[in-house]
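Residue numbers (the numbering used here), protein chains in the order written: chain A, 1 to 393; chain B, 1001 to 1393; chain C, 2001 to 2354; chain D, 3001 to 3354.
Beta carbons: idealized from backbone N, C-alpha and C, even for Gly.
Some notes on the structure that comes next.
What follows is the structure in structure tokens.
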């Protein structure tokens, strides 16, 4: 057991830090320190390309697909240095964290060669088409249909909560490809270009006043026959595999963002005297502890994954961070008092901490609600019986 | 809406207080201030008889059965004065709160005449035979069998958690009276004398070191054919009715006990300085609030019941008090620190507050676990779908 | 002892229920949110037509002559529909202040117009450093509920209280973009503004705090009940995994826990209201308890409402966020639950010698 | 960076698992509970046979030459089986105190015998008012873990620390009936008892607090894991309403929440252990975090264990109460979770100027 880094690893750190500092202090100074997922998409696309060009986009991927075969320790170091240098949220995080790993796991060699380098080079941005209105977390209840027509798949239906679809080139879509099939059977996992007449993206306004999520409509949308992951009808298996992918080293970068949020809460508490309130002190300490435990939990899971062990504890990570952040949002408001309930401008758009309070209510919902996460933990990690489906009795 | 009492009601209060003070300051001074359910059972039996003699045992019952037709306000007043005077826990609380009301609701005139006055006079003490090993909270899973043999019912089986069985004259028993029946069908509700060769009571040692609960074995136990409430096979209906009976005005007396427990926690906190700990102050305040809300909640339910309305909020009372008391036990230990983890004598028997910490873990289990209570609230009060039974599909 | 509504109270409750259900619709509330946070037609109907703003004002002062129980009933129903009304500001705070602390002349001049709704008042705690000299206030009040809509302000400065008119020279009023748009804040800056002292500021402040706190607790009760009711309805109809989500035990248990909280909040609010009306020794304790408990319950229920609705609960178009944001506002105003619990800790004798 | 056991650590974990599973049975633990709370055969095997009490003592001092990670592994497995051993007292507190603060002579005299288990020591915080004059202590220590079994006591008096022998004239030792009978307290009364000062009491106290706190956190982790594992097993086999209770979603979700806690506690404990071993700047923070988090998790899991077992979980014959009571003891000793969080609040810079 070892938490420190070796001299070689520290040399890698110096190299990464030097490059990041130069770029984010120089040509990309304008995106340094951004925190919003939706700000400056054009420049963040440039930034993805720059990372790709220099081989810093997907450092843990095989070199053959544009990565640099980095060890876990190197990936951890890069994530830390990326955050330390003020790197902005990755515009292509779905491509890097979800689409890429799924293609690596389930794609043919042709598909890997076609899609992975384009992600690693920052040339193609991805989003995901999973949830549907009326289906929510229930992937088996998908109603979007797909069928073969000549050399294409044709897709009809509607997805919802397609984060970042407005900036994306590709969307992966779970669709029902066998007519009359029910539940998890007869689904296919399709890779679909977004920029075509059959695809319409419409923003959803959130309780924060922003519109980060979208509804995406498929009305005779098309994709080439080859753009299917796994066999037709195997979409469930692929999707479940994808749900199993932990977000990997990117969790550490995410945590650096959480660190900034907690620091802002502490600064606010110091500024208005709430830092001396023993009840607030307890909650800030609990947040400090939770943040560290996310970090070391992630390092445990990543170490195990590197050693080829799947640690079921990885299934607990989503609920941990989502709940932690939701609690932090409430803490922030309790620290700020009425001042936190007002915004400086005329628009309904709140500063970071009040926005966190509102936004974090979505954290425990999207990407699998806390309830779905608890089901998954209970069934996959603890081996408890599955919940009976009403329609499959 | 009115929380105060009228002059007539205050006159009733004076009468009750005078009688109670005289008795508990005189001939029954030795049971004054007792708090344990198991201490001095002989003298507490005498006390039941004395209450009955003077018409103060079941003040809300009809005069015809030994009560005094007291109004709700009078019952509330009596409960308050009983507690104020230091009245001990009622040895026959199962008879007064459960058996009596069930017989009033489901019994024939003969049964009412046979059993109710004996309860009201303190002559017959009752306990309940509901839970079974392996059946727990699942009343429909009863395996104790009963069948007719000549003029008697004969009972075979085992009940568990029969509180106070060691002091009781009668036990009410849910038994399966139709061979081969399953689930809630084919059960009967029998009234069975405890003092007979076919009934054996064996104490269960609890985590407190005490033995308040028992296992009760029925091995050819007998009761007269007439001692069935409702028709044969209707036991489920009767039992469900019984579960629906709120504990009525006795809840207020119970709360006076809780008040004493909270006062003891406050005294301990003042004595050792924890009263100045802001975290402890919050929790004590929350306990103060919870206690008041139990009181006023009970008064709401009782008022509604008196007016002939069933308030579904009554279904929330069990979980309220049980959870409140469990929280109080934890608070008590946090106040006491290591001193709370030691007992003064050589026996494994703790003073009131540490004992509360241990004992209160049972509060959320017996008489319907918190989980069963939540099911009941969800299904009966909120109208949510029933949980599917595995064996009745 | 009879802890249930009288026939008259039940009738008021029925009326209020029907009134808000019929008129305080999501559409109208959202229209009001875009402006000053007041549905003017609703306010007009509530005050001029039904005379409800003066429900707890004595008949001799032009009011309804009823009490806190009736006021709590109205506030609960307003809360149930997140109604966009200056109920807290004008009815919960300013009217009780003037009623308890105004001179006979002030009462006669202001209460009938406040009760009739033609005059809207709010209540402002002056920021530290605010001073009065030569009858004029200089300083600020930072978060004044419904301040942008009020015609008159009862301003607390230390132990004193003053009436300040909206149009008074030297008063700068800045509407603030507020999280809860049904009860938006404004900032007041006083530049030597003429301020008329209330005759008995101590009584005025006590009455405003007590009544305002009760109104917030009742609002929270109604809001929490609505969160429960709407989430139960959704859980009964929403199907996931082939079953109504309300058939999943974890969902059922959480809805049950919401009900356990709501029912306790209900006991708390009406106990507090009745205790004030009866002049009970318990009144102060009860008001603290009601605010702390009802606001915690509302926060919990509003959060659960969003969570159990899933993604739709997080959209602007669904009403869940109106409750969620009002729960936060109810919680913050006039003392947080922690603050009220600390007051109860003092009442519980924790500071007495051992 | 490699946050997983080395092969050697994995082997120690396997050995410890097998050792405690095989020997620290409920029957043997219950027999020990009736006496001094020590299963003497288990202690003998743990120390003399396997040499595990000195695991973190340098080889030069007659120990195993390993570190806190290895000690945490042992404490976790002992906790998993609520083993009746003076692990906290002798291994977690007294040995580190003497190792860090003893003179060369004291170390040479005591550490080998402590490591071999022939000598059992405990650690006592003297009550206020305890004094030392002419080399003798007068006063008391109220709650000394495994005090009735210890041969030697490291007694903290203010900033000083002393060794006191059990047989020293003037020492009165009173075993206390203790809630957790696997780690019973005793009271010591010092009537001018001969007390030998430790050479470096500051270092001794720091080492004892750090190591003892880690041992408690690891014990809590093992205990919480056992509560989860046993409750999962019970939920899989126990049938109610015709279904395994583990198929009810509310039960599943609560077990899932237990696992979420246990896995965080595991990260916390081994982070803390490794941080001490590596001399990391984070070590102090990590130890506070591990104690606070693991003890809260254990309390929660032990309570859930009783609740989800229903009535049987409340009986003396079931082991649930052993965990429940040890969870309380782990929580109380060496600072409650609140206390450790307050320390973290200070480290988080809350007391710095804005």
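- Taking 8 Å as the cut-off, the Cβ atoms of residue 2335(C) and residue 2291(C) count as close.
- The three-state reading of DSSP puts residue 56(A) in coil, since its state is none of H, G, I, E or B.
- In the structure shown, the three-state DSSP call for residue 208(A) is coil.
- At a C-beta separation below 9 Å, residue 3248(D) has these neighbours in chain C: 2249 and 2250.
- Relative to residue 2074(C), the option among 2227(C), 2016(C), 2032(C) and 2086(C) whose CA is nearest is 2016(C).
- In the DSSP assignment, residue 1019(B) falls within the alpha helix (DSSP H) that extends over 1007-1025.
- Straight-line measurement puts the Cα of residue 3230(D) at about 8 Å from the Cα of residue 3305(D).
- In the DSSP annotation of this structure, the continuous segment of the alpha helix (DSSP H) that includes residue 375(A) starts and ends at 370-376.
- The alpha carbon of residue 1149(B) has as its nearest neighbour, out of 1043(B), 1161(B) and 1223(B), the alpha carbon of 1223(B).
- Assigned with DSSP and collapsed to three states, residue 76(A) falls in helix.
- Here DSSP, grouped into helix, strand and coil, assigns residue 2169(C) to coil.
- Separation of residue 2043(C) and residue 2293(C) (C-alpha to C-alpha, rounded to the nearest whole angstrom) is 28 Å.
- By the neighbour-count definition (other C-beta atoms within 10 Å, threshold 16), residue 2307(C) is a buried residue.
- Contact between the stretch 2021-2033 of chain C and the stretch 2077-2088 of chain C is present, with at least three C-beta pairs closer than 8 Å.
- Residues of chain B with a Cβ closer than 8 Å to the Cβ of residue 279(A) are, in chain order, 1278, 1279 and 1282.
- Relative to residue 377(A), the option among 312(A), 362(A) and 321(A) whose CA is nearest is 312(A).
- Here the C-alpha atom of residue 1237(B) lies approximately 55 Å from the C-alpha atom of residue 212(A).
- Residue 379(A) and residue 2150(C) have their C-alpha atoms roughly 57 Å apart.
- Taking a beta-carbon distance threshold of 8 Å, residue 1141(B) does not count as an interface residue toward chain C.
- Neighbours of residue 3334(D) across chain B, judged by C-beta separation under 7 Å, do not exist; the nearest C-beta is about 10 Å away.
- Not flagged as an interface residue toward chain A: residue 2146(C), since no C-beta distance is shorter than 8 Å.
- In this structure, the beta-carbon distance from residue 2220(C) to residue 2036(C) does not fall below 8 Å.
- Looking at the backbone, the Cα of residue 3318(D) and that of residue 1168(B) are separated by about 27 Å.
- In the structure shown, the three-state DSSP call for residue 2176(C) is coil.
- Those residues of the stretch 1191-1214 of chain B placed with their C-beta closer than 7 Å to a C-beta in chain D are 1204, 1205, 1206 and 1207, ordered along the chain.
- Counting only residues of its own chain and dropping the five nearest sequence neighbours on each side, residue 1034(B) has a CB closer than 6 Å to the CB of 1088.
- Counting along the chain, residue 1327(B) sits inside no beta strand (DSSP E); it lies in the alpha helix (DSSP H) bounded by residues 1317-1336.
- Beyond the five residues adjoining it in sequence on each side, residue 117(A) comes within less than 7 Å, by CB distance, of 65 and 66 in the same chain, given in chain order.
- Counting every other CB atom within 10 Å of its CB across the protein chains shown gives residue 6(A) a total below 16, marking it as exposed.
- If you check the CB distance, residue 1128(B) and residue 1098(B) come in under 8 Å.
- Cβ atoms of residue 3053(D) and residue 3110(D) stay farther apart than 8 Å, at about 12 Å.
- Taking C-beta atoms under 8 Å as the contact rule, residue 3188(D) and residue 3162(D) fail to qualify, at a distance of about 12 Å.
- Residues of the stretch 2246-2280 of chain C that bring their beta carbon within less than 7 Å of a beta carbon in chain D comprise 2248, 2249, 2250 and 2253, in sequence order.
- Residue 284(A) and residue 331(A) have their C-alpha atoms spaced approximately 8 Å apart.
- Taking 9 Å as the cut-off between beta carbons, the residues of the stretch 1-22 of chain A near chain D are 1, 2, 3, 4, 5, 6 and 9, in sequence order.
- Annotated as distal: residue 3224(D) and residue 3274(D), with beta-carbon spacing of 8 Å or more.
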